[in-house]
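Student: Let me give you the structure first, and then I'll get to my questions.
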Amino acid sequence: MTKNIAVIKGDGIGPEIVTEAIKVLDRIAEKYGHTFYYEQLLMGGCSIDANGVPLTDETIERCKASDAVLMGSIGGNTSTSPWYKLPPQLRPEAGLLALRKALGLFANLRPCVLFPQLSGACPLKEEISAKGFDMLIMRELTGGLYFGERRTEEINGVITAVDTLKYDENEIRRIAVKAFDVAMKRNKKVTSVDKANVLDTSRLWRKVVEEVAKDYPEVKYEHMLVDNCAMQLVKDPAQFDVMVTENMFGDILSDEASMITGSIGMLASASMNESKFGLYEPSGGSAPDIAGQNKANPIATILSAAMMLRYSFDMTAEADAVEAAVNKVLDAGYRTGDIMSEGMRLVSCSEMGDKIVEFI
127 MTKNIAVIKG DGIGPEIVTE AIKVLDRIAE KYGHTFYYEQ LLMGGCSIDA
177 NGVPLTDETI ERCKASDAVL MGSIGGNTST SPWYKLPPQL RPEAGLLALR
227 KALGLFANLR PCVLFPQLSG ACPLKEEISA KGFDMLIMRE LTGGLYFGER
277 RTEEINGVIT AVDTLKYDEN EIRRIAVKAF DVAMKRNKKV TSVDKANVLD
327 TSRLWRKVVE EVAKDYPEVK YEHMLVDNCA MQLVKDPAQF DVMVTENMFG
377 DILSDEASMI TGSIGMLASA SMNESKFGLY EPSGGSAPDI AGQNKANPIA
427 TILSAAMMLR YSFDMTAEAD AVEAAVNKVL DAGYRTGDIM SEGMRLVSCS
477 EMGDKIVEFI
């Protein structure tokens, strides 16, 4: 099978970690008889330096023409970088927001996995962390409170701010369908998170999710109020498989879930549209303090590439092989600095990539 992959290495540690992910993809192509073509594109600070803007129309069109996008990290040090002296619409992160909009990426997928080899880094009690967990949080990315009408005005001498939370049934249905589709590739359980005891948008959300669930009889589903969900994430995270929720709830819950995994350097992510097209990137930032030093952890980016294989290319065996190789490397005691512990062997970013390739 032949696939065209748009590659945005980005800023900071981005070029280093994406290079290791491409190594892994090349090994997969060799082993399973695929051909992957890579087109290198600019976005973020590097695009500002080269083109004066964080995202060009040409980059958008080249991404649209690809089968998927593999991305590193965007941005730099907000205190010292000249990029952050520019107007907000010209800063590095504005390019990412514009690309998500141009590509119609409404579904953000955030796997939150506690690898048993790293359970000691989990801040939860040992009786909880010992069970491990492997969940995927699916956050609606282009609607809700963050995109609703907003205003600040003086009313009767009092400064008043208003933000509007709005969802329509089509926005809810498409994220629910994506969640159930993904659950079919995992453990066939969906937890829909809302605040239906208070919000009209959540009551509509719950109604539409129930309609979608009828088309997936193999998938067990449940509703959970967001405040209870926040509690359950620290009480018993192993109960979750696929969690689907609206934009603001997903923003908060995914950060909570990432904290209990112990290291953001292990967390992949994807943003997908209504087809199988997606943008795949690590959850962490550009870490400018260690950029160019070969110290970064490439595992999140490599696992993001595995998500691309699974969800955009339907290459399940290949994705399994990458994830198994990551586990084998951790079993063998190899660690980058962010996940290093006593008795383990410290390796560089490139050495970690080489070891994962070796285990595929």
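So the mapping is simple: this note's numbering equals the position in the sequence shown, first residue as 1, plus 126.
For glycine and all other residues, C-beta sits at the position ideal for the given N, C-alpha and C.
Alpha helix (DSSP H) containing residue 439: first to last residue?
Tutor: Residue 439 -> no alpha helix (DSSP H), and no H or E assigned at all.
Student: Quick one: what's got a C-beta closer than 6 Å to residue 433's C-beta in the same chain, skipping five residues either side?
Tutor: Closer than 6 Å at the Cβ level, and outside the excluded window around residue 433, lie 394, 396 and 406.
Student: Let me make sure I understand the geometry here. Which of 282, 440 and 138 has the alpha-carbon closest to that of residue 197?
Tutor: Nearest option by C-alpha distance: 138.
Student: For the region 233 to 296, list the alpha helix (DSSP H) runs that are entirely contained and at least 4 residues long, ordered along the chain.
Tutor: For the region 233 to 296, whole alpha helix (DSSP H) runs of length 4 or above, ordered along the chain, are 252 to 255.
Student: Going by DSSP, name the residue or residues bridged to residue 321.
Tutor: Answer by DSSP bridge pairing: none, since residue 321 is not bridged.
Student: Am I right that residue 174 and residue 424 are in contact with their C-beta atoms under 8 Å? What's the rounded C-beta distance?
Tutor: In fact, because the Cβ distance is near 25 Å, the residues do not count as touching under 8 Å.
Student: Should the region 354 to 365 be regarded as contacting the region 216 to 235, the criterion being three or more beta carbon pairs within less than 8 Å?
Tutor: Because the criterion of three Cβ pairs below 8 Å is not met, the region 354 to 365 and the region 216 to 235 do not touch.
Student: Could you pull the start and end residues of the beta strand (DSSP E) that residue 342 belongs to?
Tutor: No beta strand (DSSP E) holds residue 342; DSSP gives it neither H nor E.
Student: Are the Cβ atoms of residue 304 and residue 264 separated by less than 8 Å?
Tutor: Taking 8 Å as the Cβ cut-off, residue 304 and residue 264 qualify as a contacting pair.
Student: Less than 8 Å separating the beta-carbons of residue 352 and residue 309?
Tutor: The answer is no: Cβ separation not under 8 Å.
Student: Spatial neighbours of residue 168 within its chain, please: C-beta separation below 8 Å, excluding the five flanking residues on both sides.
Tutor: These residues qualify, in order along the chain: 134, 176, 177, 182 and 185.
Student: Which parts of the region 398 to 448 are runs of the alpha helix (DSSP H), unbroken and 4 residues or longer, counting only runs that do not cross its ends?
Tutor: With a minimum length of 4 residues, the continuous alpha helix (DSSP H) runs that stay inside the region 398 to 448 are 425 to 433.
Student: Apply the 10 Å Cβ neighbour rule to residue 419 and answer buried if 16 or more other Cβ atoms are within range, or exposed otherwise.
Tutor: Residue 419 should be labelled exposed.
Student: Leaving out the 5 sequence neighbours to the left and right, which residues in its chain are closer than 6 Å to residue 149 when beta-carbon positions are compared?
Tutor: Correct list, in chain order: 479 and 483.
Student: Three Cβ pairs or more, each shorter than 8 Å: is that satisfied between the region 256 to 271 and the region 366 to 376?
Tutor: Contact between the region 256 to 271 and the region 366 to 376 is present, because at least three Cβ pairs lie under 8 Å.
Student: What does the Cβ neighbour count give for residue 347, buried or exposed, with the cut at 16 atoms within 10 Å?
Tutor: Under this definition residue 347 is a buried residue.
Student: Considering only the beta carbon of each residue, do residue 431 and residue 410 sit closer than 8 Å?
Tutor: No; because the gap between Cβ atoms is not below 8 Å, this pair is not in contact.
Student: Does DSSP put residue 165 in a helix, a strand or coil?
Tutor: Note: residue 165 maps to strand in three-state DSSP.
Student: Between the Cα of residue 225 and those of 208, 180 and 251, spot the shortest distance and give me the residue it belongs to.
Tutor: The shortest C-alpha separation from residue 225 is found at 180.
Student: Keeping to the same chain, check which residues put their C-beta closer than 6 Å to that of residue 130; ignore five residues upstream and five downstream.
Tutor: 163, 192 and 193.
Student: Are residue 448 and residue 390 closer than 8 Å when you measure CB to CB?
Tutor: Not in contact: residue 448 and residue 390 (Cβ atoms no closer than 8 Å).
Student: Less than 8 Å between the beta carbons of residue 200 and residue 269, yes or no?
Tutor: Their beta carbons are not under 8 Å apart, which means residue 200 does not touch residue 269 by this criterion.
Student: Considering only the beta carbon of each residue, do residue 450 and residue 436 sit closer than 8 Å?
Tutor: Against a cut-off of 8 Å, the Cβ pair of residue 436 and residue 450 comes out as no contact.
Student: Starting from residue 348, follow its DSSP beta bridges and name the residues at the other end.
Tutor: Residue 348 is bridged to 317.
Student: Is DSSP giving residue 466 helix, strand or coil here?
Tutor: Here residue 466 sits in coil by DSSP.
Student: Between 171, 422 and 195, which lies nearest to residue 210 when the distance is taken from Cα to Cα?
Tutor: Residue 210 has its Cα closest to that of 171, out of 171, 422 and 195.
Student: Taking the continuous alpha helix (DSSP H) assigned at residue 145, which residues delimit it?
Tutor: Unbroken alpha helix (DSSP H) run through residue 145: 140 to 158.
Student: Starting from the N-terminal side, write out each stretch of the alpha helix (DSSP H) that is 4 residues or longer and does not extend beyond the region 183 to 210.
Tutor: DSSP runs (the alpha helix (DSSP H)) wholly in the region 183 to 210: 183 to 190.
Student: By a C-beta neighbour count over all protein chains shown, 10 Å radius and 16 as the cutoff for buried, is residue 243 buried or exposed?
Tutor: Residue 243 should be labelled buried.
Student: What span of residues does the beta strand (DSSP E) with residue 132 cover, start to end?
Tutor: Counting along the chain, the beta strand (DSSP E) containing residue 132 begins and ends at 128 to 136.
Student: Ends of the beta strand (DSSP E) at residue 368?
Tutor: Here the beta strand (DSSP E) through residue 368 covers 368 to 371.
Student: Is it true that the CB of residue 330 sits closer than 8 Å to the CB of residue 295?
Tutor: In this structure, residue 330 lies closer than 8 Å to residue 295 by Cβ.
Student: Give the secondary structure of residue 458 by DSSP, where H, G and I count as helix, E and B as strand, and everything else as coil.
Tutor: In the structure shown, residue 458 sits in coil (DSSP, three-state: anything other than H, G, I, E or B).
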